[in-house]
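Asks: Could you have a look at this structure, given as structure tokens, before my questions?
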Amino acid sequence: MATSQQYDSVLKNGRVIDPANHIDGRFDLGIRHGKVAAVSENITPEMADDIIDVTGQIVMPGHIDTHAHLSSPFNRNVDRAFGHTMLVESGTTTALDLAGDPTAMSDGMRRRGAGLNVASLMGLVPHSTISEDDPRPSVLRDAIADVKKRGGFGVKLLGGYYPFTPEASASAVKEANDQLAWIAFHVGTKESGSDMTGLREVPEITGSGRLHVAHINSYTRGMIDEPHEEVQEALGMIEKMRSQWVTEAYLAQANGTNGLCDEAGNLVYNVAQNCLKARGYPTTDKGVRAAVLDGYGSALVERGGRVMLVTGQEAVDIWEAASTDASLSFPVNPPTSAFSLATAKYGDGTFRVDAVSTDGGSLPRNVAIERTMALVAFGALSMDEAVIKLSYTPSRMLGLLNKGHFSEGADADVTVVNPSTGKASMSLVAGELIMFQGRAVGRGGTWLVLEDGRGAAESSGLPFEVVNLEDSKLYANWN
Ligand SMILES: [Zn+2]
601 MATSQQYDSV LKNGRVIDPA NHIDGRFDLG IRHGKVAAVS ENITPEMADD
651 IIDVTGQIVM PGHIDTHAHL SSPFNRNVDR AFGHTMLVES GTTTALDLAG
701 DPTAMSDGMR RRGAGLNVAS LMGLVPHSTI SEDDPRPSVL RDAIADVKKR
751 GGFGVKLLGG YYPFTPEASA SAVKEANDQL AWIAFHVGTK ESGSDMTGLR
801 EVPEITGSGR LHVAHINSYT RGMIDEPHEE VQEALGMIEK MRSQWVTEAY
851 LAQANGTNGL CDEAGNLVYN VAQNCLKARG YPTTDKGVRA AVLDGYGSAL
901 VERGGRVMLV TGQEAVDIWE AASTDASLSF PVNPPTSAFS LATAKYGDGT
951 FRVDAVSTDG GSLPRNVAIE RTMALVAFGA LSMDEAVIKL SYTPSRMLGL
1001 LNKGHFSEGA DADVTVVNPS TGKASMSLVA GELIMFQGRA VGRGGTWLVL
1051 EDGRGAAESS GLPFEVVNLE DSKLYANWN
């Protein structure tokens, strides 16, 4: 018999970790109507319509991935919508799609969604998503207003692929800020690269504004100085820009790039050039072929409803079949940089880099949870700190005030982690199971939009939620 005390489901006997409420211990988590209803020492079985035994497992607020790829202007040889399943299978419950398109993302969510909450940005690609090479402020203004109407959170500058002048990059930041839209930057301009030279320009490009500086680890690969020197310099810049930037870093060695070569056989994109330079290969089609045949470079391929990495001749064949416009990956992220960026703190104990992201989704490197758990096993992070980096601070970054914690009435988004493997074993969104024992069981998803995108979300037929970025850390104390 249902009473007001009845729970729809109860996660029983887990180690519940909720740093925002200073909870770490053996508790039952009661869920009602998709919300957290109770964290209690004992909820009796008759009070639960459904009991999920999580004895010995870690129960944390769901992983919020502040840098994922679920739709993309790149890499037409793989369907980015596979990223929904791949992220869900690694334990993520909410994602920011960092460089795609909100219309393509929502279409992918309908086709291949696996139950995630997703906000989407549009990557700024000249003559594709934006009409000019170094777009004027009025062109940027219109593009940002349009993407918000189509259900996007904002835009991303793809400096490692489609660099603008520093002036046009600064205009993009200002125009996004003026409209309280999200603005993320993969650093690099026409005067720098996707490395420390690009990062050094960012304070000036930011001006007095606000900016999400994407994947800090990508600029500290040792292209300019030693990796540890670059990490220290980056952390110093983050401190100076503490009230204006939000940041994340990922923990995978593999990067993601594109092997496109021009008619002369030269690699087009700066990120790909850097990957080859790092091991002394020429930045040409011959260099790509040699690097892939040596097993250094890999290509992305769809297999069994997932995206995987293959290398050697098979990868060369994929790259050639795509006329060189194929997704490639190189193991260029030094673990030492990843470790330092994930663990560095200010004197007051807060983290310098806000979040651990995947930069994955449709790239098979969704290791944020398991690598963060490895840092816990190593003693480099406490379990509380792991949850802060994986869920609580990301929720603040994005203004998702009802996520990242288990206060009564919070969204019942939960990631359950097996402490012996460090991998997620189960997850729920709004109280519904979306992943069980490593398999995605959710469908569709919830589209996170701004108020301007309400109409697009309504006509999509997808469940949606309107977010106000005034609540986000990006725009904290903005006026
Ligand atoms: Zn990315």
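Per the working numbering: the sequence shown = residues 601 to 1079.
The beta carbon of each residue, even a glycine, is placed where N, CA and C say it ideally should be.
Please read all numbers here as calculations on a predicted model, not as lab measurements.
By Cβ distance below 7 Å, which residues in the same chain neighbour Pro827 in space, the five residues on each side in sequence not counted?
Replies: Hits under 7 Å: Thr820, Arg821, Pro934, Thr936, Ser937.
Asks: Going along the chain, which unbroken runs of the beta strand (DSSP E) with 3 or more residues stay wholly within the segment 881 to 921?
Replies: Segments of the beta strand (DSSP E) lying fully in the segment 881 to 921: 898 to 903, 906 to 911.
Asks: How would you label Asn1077, buried or exposed, when you count the other beta carbons within 10 angstroms and need 16 or more for buried?
Replies: That one is exposed.
Asks: Quick one: Cα of Ala602 to Cα of Ala1010, how far?
Replies: Low confidence applies here, because Ala602 scores a pLDDT of 47, under 50, leaving its location unreliable and the question unanswered by this model.
Asks: Using CA coordinates, which residue listed in Gly1053, Gly1061, Tyr1075, Asp1071 is at the minimum distance from Ala745?
Replies: Checking every option, the nearest Cα to that of Ala745 belongs to Gly1053.
Asks: What's the C-alpha gap between Val787 and Gln873?
Replies: Roughly 15 Å between the two C-alpha positions.
Asks: Considering His1005, what are the terminal residues of the alpha helix (DSSP H) in which it resides?
Replies: Note, His1005: premise wrong, no alpha helix (DSSP H); not H, not E.
Asks: Please state whether DSSP places Ala602 in a helix, a strand or coil.
Replies: Its pLDDT being 47, under 50, Ala602 is placed unreliably by the model, and the measurement read from it follows with that caveat. Of the three classes helix, strand and coil, the one that applies to Ala602 here is coil, per DSSP.
Asks: Looking only at its chain, what residues have a beta carbon closer than 8 Å to the beta carbon of Gln657, apart from the 5 residues adjacent to it on each side?
Replies: Contacts found: Gly614, Arg615, Val1016, Val1017, Asn1018, Pro1019, Ser1025, Met1026.
Asks: At 3 residues or longer, what runs of the beta strand (DSSP E) sit wholly inside the segment 785 to 873?
Replies: Segments of the beta strand (DSSP E) lying fully in the segment 785 to 873: 811 to 813, 845 to 850.
Asks: Could you compute how far the alpha carbon of Ala772 sits from the alpha carbon of Pro702?
Replies: Looking at the two C-alpha atoms, the distance is approximately 18 Å.
Asks: Could you work out which residue in Pro661, Glu1065, Pro737, Gly683 is closest to Thr958 when comparing CA atoms only?
Replies: Here the closest residue by C-alpha is Gly683.
Asks: Give the DSSP-derived three-state secondary structure of Ser728 in the structure shown.
Replies: Ser728: coil per DSSP, three-state reduction.
Asks: Is it buried or exposed, Tyr762, if we count other Cβ atoms within 10 angstroms and call 16 or more buried?
Replies: By the 10 Å Cβ count, Tyr762 comes out buried.
Asks: Identify, in the order they occur along the chain, each residue of the same chain with its Cβ nearer than 6 Å to the Cβ of Thr943, setting aside the five sequence neighbours on each side.
Replies: Counting only Cβ-Cβ distances below 6 Å, and skipping sequence neighbours, we find Ala980.
Asks: What residues match up with Ala955 in a beta bridge as DSSP calls it?
Replies: Paired residues: Glu848.
Asks: Rounded to whole angstroms, how far is the Cβ of Thr666 from the Cβ of Ala955, which I believe are closer than 8 Å?
Replies: At roughly 5 Å, the Cβ-Cβ gap stays under 8 Å, so Thr666 and Ala955 are in contact.
Asks: If you check the beta carbons only, do Ile838 and Val953 fall under 8 Å apart?
Replies: Contact: yes.
Asks: Mind listing, in chain order, the continuous beta strand (DSSP E) runs of no fewer than 3 residues lying wholly within the segment 662 to 711?
Replies: As far as the segment 662 to 711 is concerned, its whole beta strand (DSSP E) runs of at least 3 residues are 663 to 669, 692 to 700.
Asks: Count the other CB atoms within 10 Å of the CB of Val747; is the residue buried (16 or more) or exposed (fewer)?
Replies: Classification of Val747: buried, given that the 10 Å Cβ count is 16 or more.
Asks: Using the three-state DSSP reduction, which class does Val773 fall into: helix, strand or coil?
Replies: Note: Val773 maps to helix in three-state DSSP.
Asks: Thr632 lies in the beta strand (DSSP E); which residues open and close that run?
Replies: Residue identity check: residue 632 is Arg in the sequence provided, not Thr. Here the beta strand (DSSP E) through Arg632 covers 623 to 632.
Asks: Indicate the three-state DSSP secondary structure (helix, strand or coil) for Asp746 in the structure shown.
Replies: Helix.
Asks: Kindly indicate the opening and closing residues of the alpha helix (DSSP H) around Asp984.
Replies: Note, Asp984: alpha helix (DSSP H), 983 to 987.
Asks: So is the beta-carbon of His812 under 7 Å away from any non-hydrogen atom of ligand 1?
Replies: No; taking the cut-off as 7 Å, the Cβ of His812 has no heavy atom of ligand 1 nearer than that.
Asks: Could you pull the DSSP bridge partners for Lys756 from this structure?
Replies: For Lys756, which the question treats as bridged, DSSP gives the partners Gly723, Ala784.
Asks: List the endpoints of the continuous beta strand (DSSP E) containing Glu1058.
Replies: Element bounds for Glu1058: not the beta strand (DSSP E) but the alpha helix (DSSP H), 1054 to 1060.
Asks: Have a look at the DSSP bridge pairing and note the partners of Leu740.
Replies: DSSP, once it has assigned bridges, lists no residue as partnering Leu740.
Asks: Is it buried or exposed, Lys840, if we count other Cβ atoms within 10 angstroms and call 16 or more buried?
Replies: Exposed, because fewer than 16 other Cβ atoms sit within 10 Å of the Cβ of Lys840.
Asks: Would you say Leu900 touches ligand 2, meaning its beta carbon is less than 7 Å from a heavy atom?
Replies: The model depicted lacks ligand 2 and carries ligand 1 instead.
Asks: Quick one: Cα of Gly1042 to Cα of Glu1032, how far?
Replies: Distance between the alpha carbons of Gly1042 and Glu1032 is about 8 Å.
Asks: Do Leu757 and ligand 1 come close, with the Cβ less than 7 Å from some heavy atom?
Replies: Every heavy atom of ligand 1 is 7 Å or more from the Cβ of Leu757, so no.
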